[in-house]
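First the structure, in the form of C-alpha cells, and then the observations on it.
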Amino acid sequence: MSWLISAALISCLLGGLIWKGYQLSRQPWNLPLQGIVGFLAFALIGRILRDVVGDASLVRGGPVWSAVAWHAPTSAAVFSLLFFFDAATLPRHVAKRRTHRNLAVLVTAELVMIGAAASAPAPRSVPHMSVIYFAANLFMGCALAACAVSALRYARQAERRLSMGLRVAAVGFVLVAVTSGIFAAIDVEYWFTGTLFMDIIGMNGTLSFIGIVAIVVGLLYPAARMRLTAIRIWWRQRRAYQALGPLWTALHHAFPEDEFLRASTTPWDSLRVWEVHRRYYRRMIECRDGLVRISPRVAKLREDHPANTPLSDLIAEALQDSPDDHGQQQRAIPLAIPDTNSAHDEVDELVALSRAFAARHSAISGRAA
Numbered sequence: 408m409s410w411l412i413s414a415a416l417i418s419c420l421l422g423g424l425i426w427k428g429y430q431l432s433r434q435p436w437n438l439p440l441q442g443i444v445g446f447l448a449f450a451l452i453g454r455i456l457r458d459v460v461g462d463a464s465l466v467r468g469g470p471v472w473s474a475v476a477w478h479a480p481t482s483a484a485v486f487s488l489l490f491f492f493d494a495a496t497l498p499r500h501v502a503k504r505r506t507h508r509n510l511a512v513l514v515t516a517e518l519v520m521i522g523a524a525a526s527a528p529a530p531r532s533v534p535h536m537s538v539i540y541f542a543a544n545l546f547m548g549c550a551l552a553a554c555a556v557s558a559l560r561y562a563r564q565a566e567r568r569l570s571m572g573l574r575v576a577a578v579g580f581v582l583v584a585v586t587s588g589i590f591a592a593i594d595v596e597y598w599f600t601g602t603l604f605m606d607i608i609g610m611n612g613t614l615s616f617i618g619i620v621a622i623v624v625g626l627l628y629p630a631a632r633m634r635l636t637a638i639r640i641w642w643r644q645r646r647a648y649q650a651l652g653p654l655w656t657a658l659h660h661a662f663p664e665d666e667f668l669r670a671s672t673t674p675w676d677s678l679r680v681w682e683v684h685r686r687y688y689r690r691m692i693e694c695r696d697g698l699v700r701i702s703p704r705v706a707k708l709r710e711d712h713p714a715n716t717p718l719s720d721l722i723a724e725a726l727q728d729s730p731d732d733h734g735q736q737q738r739a740i741p742l743a744i745p746d747t748n749s750a751h752d753e754v755d756e757l758v759a760l761s762r763a764f765a766a767r768h769s770a771i772s773g774r775a776a
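Counting in the working numbering, the sequence shown tops out at residue 776, every number present.
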C-alpha cells in the first residue's frame, strides 16, 4: 500500500511541476508562480529521495544522512510556499523582508539537521535521528501554520475560483501543520522515554498524506478549472465548426470571394485551441456573410412558396441561380436570426440550418440513387 501512496504522490507532484513549470517558462518574472514551482520541485525531490536513499527509521535511529536527504528538500518546499503567499499578498519590500527572515529560519533548521547527522557516532543513532526529525517537524509545523493563515487571508480577497482552491489548500496546511506538531511531540517523547506509539504514528501519517494531497489539489484547482473550461469551449467550437461545413461549402461555392485570407496551416491546427477558436469564428462569419448575400433572392422566393417552406429549401433553390441573379434585389433580410442577442444562440441557429441543409442534400442524393 505504501508504494501505491508514494507513486500517487509522485505522479501528482510531477504533473503539477510540468504544468506550472511550463507556465513559469512563459512568465519568468512571476514571483508567486516561482514559489509554486519551487514547492512542487522541492516536494518532488524530497519524495523521490525518501524512496531512493532508504528507510530512515526513527526506531532504528538511521541512516541519519538518509533522513537529512529528504527532510532538507521537504523543508525547502514549505519555505517556497511561504514565499508564494508573501509574494502574492504583500508589498514587494515586505515580502522581501519576510522571505529573508524565513530563509534564515530554514537555514538554521537544516544546519541543525546536518549537524546532528555529522556528529552521530555511527550511521544509525537514535538520539541524533530524534534531533533531525524534531528540527524538521518543528520548522514545517510552524511554517505550514503560517501558510494556512496566509491562504485564508488571500482567499478573502481573491475571486471565487481562486478562493475555493485556497480554502482547500488551507485545510491541507492545517492538517499537515497539526500532524507535524504531533510528530515533533513524538520525537521529544522518544528522546526521553525511548518508546513510540505506533498506532498514533500510522494515523498521523495518513492524515499528513491527505493534507499534502489537499495542498496540491487546492493550489492547482484554479488553473485546472480554467483548463477544463477551455477544453469544453474547444470541444463545442470544434463540433460547431464541423457542423457548419455543409452550409459553408454551399455558400462558399456561390461566393468564393467572401472567404477570409487563410494563414499557413499544419495538420495540428485542427486540434490546437487557438486555431480551432479562429477557424470557428471565421466559418461563422463567412456563413453569415453568405446568408446576407443570398437573402435578397430568398426573400423573392418566399413570395412564390408556401409560408411553411423550410429555409434550407429556399436557400438551396436560391443558390441554384446564377451569381448575377443574387444581387438583383439589393435589400438584405435577416436569415436564421435567434430571438436573443447571444452569440451562442446565433451559432446554434446556423448549425441547425446547416444540418437541415445537409439532410436535404442527403435525401435528394438518396432519391437520385
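The beta carbon of each residue, even a glycine, is placed where N, CA and C say it ideally should be.
{"Check": "For V754 and R690, I'd like the C-alpha separation in whole angstroms.", "Outcome": "10 Å"}
{"Check": "Quick check: what's the CA-CA separation for L497 versus R646?", "Outcome": "45 Å"}
{"Check": "Can you have a look at W436 and say buried or exposed, based on whether 16 or more other CB atoms are within 10 angstroms of its CB?", "Outcome": "exposed"}
{"Check": "Exposed or buried, what is S671 when buried is set at 16 or more other beta-carbons lying within 10 Å of its beta-carbon?", "Outcome": "Confidence in S671 is poor, its pLDDT being 49 and thus under 50, which makes the residue's placement unreliable; the coordinate value appears in the next sentence. Exposed, by the Cβ-count rule."}
{"Check": "From L510 to F486, what distance separates their C-alpha atoms?", "Outcome": "7 Å"}
{"Check": "Buried or exposed: where does M633 fall if 16 or more other Cβ atoms within 10 Å of its Cβ makes it buried?", "Outcome": "exposed"}
{"Check": "Which first and last residues belong to the alpha helix (DSSP H) in which P629 is found?", "Outcome": "605–650"}
{"Check": "Let's see if you can read the secondary structure: which residues bound the alpha helix (DSSP H) around H500?", "Outcome": "499–525"}
{"Check": "Ordered along the chain, which non-local residues of its own chain (more than five positions away) have a Cβ less than 7 Å from that of E666?", "Outcome": "H659, E693"}
{"Check": "Roughly how many whole angstroms lie between the Cα atoms of A415 and Q564?", "Outcome": "32 Å"}
{"Check": "Is A763 closer than 8 Å to P717 when the C-beta atoms are compared?", "Outcome": "yes"}
{"Check": "One question on the structure: do S532 and V471 come within less than 8 Å of each other, judged by their Cβ atoms?", "Outcome": "yes"}
{"Check": "From the DSSP output, in three-state form, read off L447 for me.", "Outcome": "helix"}
{"Check": "From the DSSP output, in three-state form, read off L440 for me.", "Outcome": "helix"}
{"Check": "Just to confirm, are S482 and M547 a CB contact at a threshold of 8 Å?", "Outcome": "yes"}
{"Check": "At what residues does the alpha helix (DSSP H) containing P480 begin and finish?", "Outcome": "471–496"}
{"Check": "L654 and L742: beta carbons closer than 8 Å?", "Outcome": "no"}
{"Check": "Rounded to whole angstroms, what's the CA-CA distance from R700 to A725? Just pull it up for me.", "Outcome": "11 Å"}
{"Check": "So, helix, strand or coil for I784, using DSSP?", "Outcome": "Nothing about residue 784 can be reported from this structure: the residues present for the chain run from 408 to 776 only."}
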